[in-house]
Amino acid sequence: MGNISIRNAVPDDSEAILAVVHDWWGRPIGSGMFSKFFLAHFSETCLIAKRNDQFGGFLIGFLSQTHMDEAYIRFVAVRPEERSAGVGRALYEEFFAVAAKHQRAIIRSVTSPRNKTSVVFHQRLEFVIEPQEHTIDNLPVQLNYHGREGTDRVLFVRTCR
Ligand SMILES: CC(C)(COP(=O)(O)OP(=O)(O)OC[C@H]1O[C@@H](n2cnc3c(N)ncnc32)[C@H](O)[C@@H]1OP(=O)(O)O)[C@@H](O)C(=O)NCCC(=O)NCCS
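In numbering that gives the first Met the number 0, the protein residues as written are 0 to 160.
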């Protein structure tokens, strides 16, 4: 699996993230999805992965201020050439450790029902899909998750033991 190291992100990492995010995501991301302020205000839960000494992935997350037992992963991306090598798992496991340190037993994340890789990835990381009234491609989805048309999402939850 090579040499993977994880560290906290800092605001100066935003340039490197913005330089690759559209490519790693596979399409342009909206400006609301990532902003430098995440790194300024959620540094402990925003993580940078290096694999074999190069920038290999990042995770943007936060501890919920409303639900004191929850932490939320906003998004994650791994360099395409480094996929299936454990980088995504390493980022998530570090996030789980930070969440546990803050007594956050519930981890939440969401993905588009079109993103089958993300669905499998979350299931491998022991997330379960929350039941919903609606389905797309046999996946339960919450419609208009972000309050806007076209933002139907699969909702994942993982309860730490
Ligand atoms: C989803 C993503 C982060 C996974 O990162 P990764 O580093 O390739 O994942 P890992 O190698 O750590 O794999 C973790 C587990 O998921 C599984 N997995 C990962 N990609 C998979 C795929 N394409 N098909 C099937 N299983 C897959 C692995 O088999 C592994 O299982 P295991 O650890 O139990 O053996 C990466 O594909 C990515 O950046 N995609 C684009 C951005 C995105 O869709 N982000 C998620 C939505 S926020």
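Ideal Cβ placement from N, Cα and C applies to all residues, glycine included.
Query, Result
"Can you tell which of Arg6, Phe33, Asn7 and Val9 has its C-alpha closest to the C-alpha of valine 19?", "Phe33"
"Where do the ends of the alpha helix (DSSP H) carrying glycine 149 lie?", "Glycine 149 -> no alpha helix (DSSP H), and no H or E assigned at all."
"Tell me whether serine 4 is buried or exposed, calling it buried when 16 or more other Cβ atoms sit within 10 Å of its Cβ.", "exposed"
"Just to check, is the beta-carbon of threonine 116 closer than 6 Å to a non-hydrogen atom of ligand 1?", "yes"
"Considering only the alpha carbon of each residue, which of Ser13, Arg73, Phe120 and Asp136 lies closest to alanine 39?", "Ser13"
"Measuring CA to CA, which of Asp11, Ala48 and Ser63 is closest to alanine 76?", "Ala48"
"Closest by CA to alanine 96, which one among Gln122, Glu69, Gly25 and Ser111?", "Glu69"
"Bridge partners for glutamate 155 per DSSP, in chain order?", "Correcting the residue identity first, residue 155 is phenylalanine in this sequence and not glutamate. Bridge partners of phenylalanine 155: Ser108 and Ile128."
"Looking at serine 63 and tyrosine 71, is the spacing between their C-beta atoms short of 7 Å?", "yes"
"Of all the options Phe155, Asn2, Lys115 and Gln122, which has the alpha carbon lying nearest to the alpha carbon of aspartate 136?", "Lys115"
"Measuring from the CB of threonine 110, is there a heavy atom of ligand 1 at a distance below 6 Å?", "yes"
"How about glycine 56 and valine 9: are their beta carbons less than 7 Å apart?", "no"
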